[in-house]
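Okay, so here's the structure we're looking at.
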Amino acid sequence: MREQHEGQNDADKRKPQPYFLSRGGQDHSVLKAGFCVKQGAVMKTWKRRWFLLDENALSYFKSDLEREPLRAIPLKEIHKVQECKQSEPMMRDNLFELVTGFRTFYVQADSPEEMHSWIKAISGAIVAQRGPGRSANSIRQTRRLSTPCIERYTPFCSFMSTYVLQNKSLNSPFQNKTKHHVILQNKIIVTPIVTGSIY
């Protein structure tokens, strides 16, 4: 009987640990928790759910006594979290929305303070997960890649521009601009060489 009991314990240890254990076993990862009212996806009914925010996802449960979440929304899938304006449908107070790539979740808090607290907590968790300055770096990288070749690779552009000028079949306003650019490049590149040969 003892061997059977030990074997059962070993089997339990090998079972994959469900996501909900993070709220009970790792309280330090829980950033915010509380009741909110959420709109259903199909029936569009409003039900009170227990929400839990940690470092990786926003989960909601049927109640605060449940261990298994009804759904866990990864923070990396949340594109935007913001307050719903009164001019929009579903005239409810303290309503905010979570916009993802596949669905928009509508959540109602118990008070304006709680609504802003949830928005701030979720937004902060998203920024912490993605890292500060990531969006700015992406913008700078995009600008570098979109910068015209003339501003970055002058010798290469000079060669390419010369090739374009030699092709007499190209008659366009671009050709004149290219010719001016090549002359400018020749002045910049050739002048120091000529000056050195004189002196």
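With the first letter of the sequence shown counted as 1, position 64 gets the number 51 in the numbering used here; the numbers rise by one all the way through.
Even glycine gets a Cβ: it sits at the ideal position worked out from N, Cα and C.
- In the three-state scheme derived from DSSP, where H, G and I count as helix and E and B as strand, S110 is classed as helix.
- Within its own chain, the residues whose Cβ lies closer than 8 Å to the Cβ of P61, once the five positions on either side in sequence are excluded, are N43 and A44, listed in chain order.
- Under the DSSP assignment, L82 falls in the beta strand (DSSP E) whose first and last residues are L82 to T87.
- The three-state secondary structure of E64, taken from DSSP, is helix.
- Rounded to whole angstroms, the Cβ separation of V86 and K67 is 4 Å, and the two are in contact under 8 Å.
- In this chain, the beta strand (DSSP E) harbouring T91 covers T91 to Q95.
- For L39, the enclosing beta strand (DSSP E) starts and ends at W33 to D41.
- In the structure shown, R79 falls within a coil segment according to DSSP collapsed to helix, strand and coil.
- In the displayed model, S50 falls within coil according to three-state DSSP, outside both helix and strand.
- Within a 10 Å sphere around the beta-carbon of S46 sit 16 or more other beta-carbons, which makes this residue buried.
- A buried status is given to Q95, since no fewer than 16 other beta-carbon atoms sit within 10 Å of its beta-carbon.
- Around the Cβ of R58, a 10 Å sphere holds fewer than 16 other Cβ atoms; the residue is exposed.
- Residue burial annotation: K25 is buried, with at least 16 other C-beta atoms found within 10 angstroms of its C-beta.
- At a Cβ-Cβ threshold of 7 Å, E100 and F83 do not count as neighbours.
- Under DSSP, R58 shares a beta bridge with Y47.
- In this structure, the straight-line span from the alpha carbon of T32 to that of M77 is close to 11 Å.
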